[in-house]
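Numbering (my numbering), first residue to last: 3 to 170. Just so it is clear, CB atoms sit at the ideal spot from N, CA and C, and this is done for glycine as well. Please read these numbers as outputs of a predicted model, since none were measured by experiment. This report refers to the structure that appears directly beneath it.
Right, dumping it as structure tokens:
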């Protein structure tokens, strides 16, 4: 079994939200791992385990007011963790995955599509999905005249590089 770790310098996690004033875009460098059996890490059928974690304190929008309100609502020690559970389908170069997103003390089962591409350094995985923050018990922020919509689009662009070989 082979383990791949996220190269944080070449990976990004993006949350995009619509608001009454302007779009809000928060970015962070995720941490995580991917475990595979077989020789091709870009083949989702070889994936046995994967997770991606983002610390709320690492998210940056470029607007200190929005950043402060995000941390106040979510908690500075809070993380968002997505855990891969199974491959549902592979089609047209994309894989539909099922997994759990843990945030704000709640686990929500989700499904989404990703693409995986082998690179000279390992594998690059890209995917995005739309989620409602109320699924995790969060109410969208309201700051003065700023009203944020509850649905957000989350995009992950992750470069995984070989880590530890796991003996079975």
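Check, Outcome
"By the three-class DSSP mapping on this structure, what secondary structure does residue 59 have?", "helix"
"If residue 97 sits next to residue 84, beta carbons under 8 Å apart, how far is it from one beta carbon to the other, in whole angstroms?", "Contact doesn't hold; Cβ gap of about 14 Å is too wide."
"Please list the terminal residues of the continuous beta strand (DSSP E) segment that includes residue 189.", "What is shown of the chain runs 3 to 170, which leaves residue 189 out entirely."
"Check the DSSP bridge columns for residue 53 and list the partner residues they point to.", "35, 85"
"Residue 68 and residue 32: beta carbons closer than 7 Å?", "no"
"Around the C-beta of residue 41, are 16 or more other C-beta atoms found within 10 angstroms, so that it is buried, or is it exposed?", "exposed"
"Counting Cβ pairs, one atom from each stretch, are 3 or more of them under 8 Å apart for the stretch 9-26 and the stretch 35-50?", "no"
"How is residue 134 classed by DSSP in three states: helix, strand or coil?", "strand"
"Is the beta carbon of residue 139 less than 7 Å from the beta carbon of residue 164?", "no"
"May I ask you to report which of helix, strand or coil DSSP gives residue 44?", "coil"
"If I'm right that residue 111 touches residue 102 with Cβ under 8 Å, what's the distance once you round it to whole angstroms?", "6 Å"
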